[in-house]
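Residue numbers (full-length UniProt numbering): 1 to 280.
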């Protein structure tokens, strides 16, 4: 989707990516409105960029503010713990939207996110992915640091991506760890970093043998995943966790996984002696 050069709203959850996206959008010279979701986003992290905070129950107020500012383009980015429907505490201006969200809450996370996108689109807004605004936040082709995967590691990586594709219909996680010519862990509800810690615990207990330079983490979006609101991401903690687990590196689908500051992540990879590589 082509992104108009008009004003942009960033509906921000937690983490490093919302402030990074806001900084890039501000440098592009476009009008910018940051709506920080209360309890998730930290307004102080946006520096001099103006931020307005909203509770989830203030959706009606948010829509009114977007229309008043004549904003049609928006991005939803950042972490947000799945709220309970009963905890929304809607204001009067939000009450009329509750039936829509009652339906959205009846499914899993993917169903909920699609419901959020549909909600905004049905009201005339255009929802964009962060990569449309700031492609430099995603992993490029090739290694971010000095170290790259070996041919043997590339074989493991190819096997890992093939496995993730095969599991896509079952709505399993976006990542897996491979070592010793086999799959040793698949991400489930715990998330990528918790999966890596599980591998580290298995290795430290002696139940899993990972030869030095053998293990790799692969991460990619699931088939059909809406990258506008659910793009996979890694950060510095992910690198530290794989190094602690004794893995050699991380392979990511180029252009389809958020990494934030590429240079900073590449330098950290060099310090830790691991690789971070974007592959097709």
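Glycine included, each C-beta is placed from N, C-alpha and C at the ideal position. All values derive from a computational prediction rather than experimental measurement.
Taking the Cβ atom as the reference point for each residue, do residue i and residue j lie within a distance shorter than 8 Å?
| i | j | result |
| --- | --- | --- |
| residue 54 | residue 62 | yes |
| residue 131 | residue 66 | no |
| residue 216 | residue 173 | no |
| residue 260 | residue 137 | yes |
| residue 147 | residue 270 | yes |
| residue 129 | residue 227 | yes |
| residue 258 | residue 46 | no |
| residue 52 | residue 35 | yes |
| residue 109 | residue 82 | yes |
| residue 157 | residue 168 | no |
| residue 280 | residue 246 | no |
Check each candidate in the options and name the one with the smallest Cα separation from residue i.
| i | options | result |
| --- | --- | --- |
| residue 19 | 263, 50 and 231 | 50 |
| residue 133 | 112, 97 and 75 | 75 |
| residue 140 | 167, 58, 251 and 240 | 251 |
| residue 241 | 92, 121, 272 and 39 | 272 |
| residue 266 | 258, 276 and 231 | 276 |
| residue 142 | 5, 13, 15 and 263 | 263 |
| residue 78 | 235, 194, 92 and 243 | 235 |
| residue 193 | 237, 168 and 125 | 237 |
| residue 56 | 182, 47 and 101 | 101 |
| residue 121 | 72, 168 and 246 | 72 |
| residue 119 | 278, 274, 60 and 28 | 60 |
| residue 44 | 24, 28 and 12 | 12 |
| residue 166 | 243, 221, 204 and 48 | 221 |
| residue 48 | 41, 23 and 90 | 23 |
| residue 225 | 239, 171 and 197 | 171 |
| residue 239 | 123, 145 and 155 | 145 |
How is the alpha helix (DSSP H) around residue i delimited, first residue to last?
| i | result |
| --- | --- |
| residue 11 | Premise fails: residue 11 lies in the beta strand (DSSP E), 8–12, not in any alpha helix (DSSP H). |
| residue 244 | 236–244 |
| residue 120 | 109–122 |
| residue 46 | Per DSSP, residue 46 belongs to no alpha helix (DSSP H) and is neither H nor E. |
| residue 199 | 192–204 |
| residue 100 | 98–104 |
| residue 20 | 17–27 |
| residue 272 | 262–272 |
Buried or exposed: where does residue i fall if 16 or more other Cβ atoms within 10 Å of its Cβ makes it buried?
| i | result |
| --- | --- |
| residue 219 | buried |
| residue 223 | exposed |
| residue 253 | buried |
| residue 58 | buried |
| residue 15 | buried |
| residue 153 | buried |
| residue 92 | exposed |
| residue 94 | buried |
| residue 206 | exposed |
| residue 99 | exposed |
| residue 39 | exposed |
| residue 256 | buried |
| residue 232 | buried |
| residue 189 | exposed |
Grab me the residues of residue i's own chain with a C-beta within less than 8 Å of its C-beta, minus the 5 sequence neighbours each way, in chain order.
| i | result |
| --- | --- |
| residue 208 | 179, 184, 199 and 202 |
| residue 116 | 76, 104 and 229 |
Heavy atom of the ligand MG less than 7 Å from the Cβ of residue i, yes or no?
| i | result |
| --- | --- |
| residue 46 | Only the bare structure without any ligand can be found here, which leaves the ligand MG out of the picture. |
I'd like the span of the beta strand (DSSP E) that includes residue i, first residue to last.
| i | result |
| --- | --- |
| residue 249 | 249–253 |
| residue 161 | Looking at the DSSP string, residue 161 is not in any beta strand (DSSP E); the run it does join, the alpha helix (DSSP H), is 151–167. |
| residue 33 | 32–37 |
| residue 230 | Run containing residue 230: none; DSSP gives neither H nor E here. |
To which residues of the same chain is residue i closer than 7 Å at the C-beta, ignoring the five residues directly before and after it?
| i | result |
| --- | --- |
| residue 5 | 30 |
| residue 69 | 7 and 33 |
| residue 21 | 10, 75, 77, 130, 133, 134 and 137 |
| residue 176 | 160, 163, 164, 183, 185, 186, 187 and 218 |
Counting only the same chain and skipping the five closest in sequence on each side, list residues whose C-beta sits under 6 Å from that of residue i.
| i | result |
| --- | --- |
| residue 230 | 113 |
| residue 300 | Nothing can be reported for residue 300, as the shown portion of the chain is limited to 1 through 280. |
Is there a Cβ of chain B sitting closer than 8 Å to that of residue i, yes or no?
| i | result |
| --- | --- |
| residue 222 | You won't find chain B in this structure, because it holds only one protein chain. |
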